[in-house]
Amino acid sequence: MCIKLGLAPLLILALATTGSIAFDGKLTGKFKADSDEGPTTLTYYDASCTPSGAPECVVTYLWCDSPRDIGFEVRGVADAVLGKWLVKDGAKATLTSKKRVLLLRPTEMVTSDIAGTWDLKFNAVSTEGGEDAEFWFAGLEAVPEITMSTAKGEDVLPVDGENGTQLSQFLAACRKVGS
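Every number in this note's numbering is 469 more than the matching position in the sequence shown, counting from 1.
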C-alpha cells in the first residue's frame with residue numbers, strides 16, 4: 470500500500486533525528502532515450518542486486534523532458550533520515566558539478582507500509598527569473614562528476630567505465646530533447 474502526502478504533514482517526521490546514510494555499494498547506470506514510453510532517463514541499480522535491472526534494485530534515477538527540465542528520485546529513505554533532513558535543510562536537494570549548482574524542489578514523497586521507507590522525487594524546471602537547468606546542462610563536461618545532495622547525504626554519481634558512457638549519453642540527450 471502506497472500513501473502520497475504533501476510536505477506539510479511530513480514535518481511531523483522531524484522528531485526523528487538520526488544520522489543520514491549515503492548510497493551503499495556499487496551502482497550500475499542504464500541510459501534510456503526519450504520515447505513514447507517516457508522521458509529520457511538514467512537509472513542507477515544496486516550492482517549487487519539480482520537480477521540486475523529489476524525494479525526493486527533501483528537506487529536512484531534521473532530524467533529530463535527538455536534542456537530546461539531535469540529531475541531525480543532517490544529511493545529507500547528511512548523515517549529518521551528524512552526527519553533529520555527536513556529539519557536541517559527544509560527538503561532541499563541539489564545537483565552539483567564543480568561550482569555549478571542546480572537547486573531542485575521536492576515534488577513528491579511516497580511511503581510504503583511494507584518497506585517502511587520513503588521515495589523522494591525532485592524537479593528543476595526553468596522559469597523566468599528562477600533556477601535554470603539549461604545553463605547547468607550547457608556548462609557540463611561530457612562526463613562530469615555530479616554530486617546529488619539529498620536526505621541520504623551527498624553522493625557522487627559513478628563515472629567509471631560504462632557508467633561514464635551512460636552518464637554522457639544521458640546529458641547529451643537532455644541537451645537536445647524537446648528543443
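We treat Cβ as the ideally placed atom computed from N, Cα and C, and that holds for glycine.
Here the structure is a predicted model, which means the values were calculated and not measured.
Quiz item: For the putative contact between G498 and P627, defined by C-beta atoms under 8 Å, what is the C-beta separation to the nearest angstrom?
Solution: 7 Å
Quiz item: Looking at C-beta atoms only, is the number of pairs between the segment 600 to 611 and the segment 550 to 563 that lie closer than 8 Å three or more?
Solution: no
Quiz item: When you compare each of L555, A607 and S504 to P536 by their alpha carbons, which one comes out closest?
Solution: A607
Quiz item: Identify the residues that DSSP records as bridge partners of K499: which are they?
Solution: T512
Quiz prompt | Alpha-carbon to alpha-carbon, A584 and T565 | solution = 30 Å
Quiz prompt | Neighbourhood of L531 by C-beta distance below 6 Å, restricted to the same chain and skipping five residues each side | solution = L511 and F541
Practice problem: Please go through the same chain and pick out, in chain order, the residues whose beta-carbon is closer than 6 Å to the beta-carbon of E631, but skip the five residues on each side of it. | Solution: none
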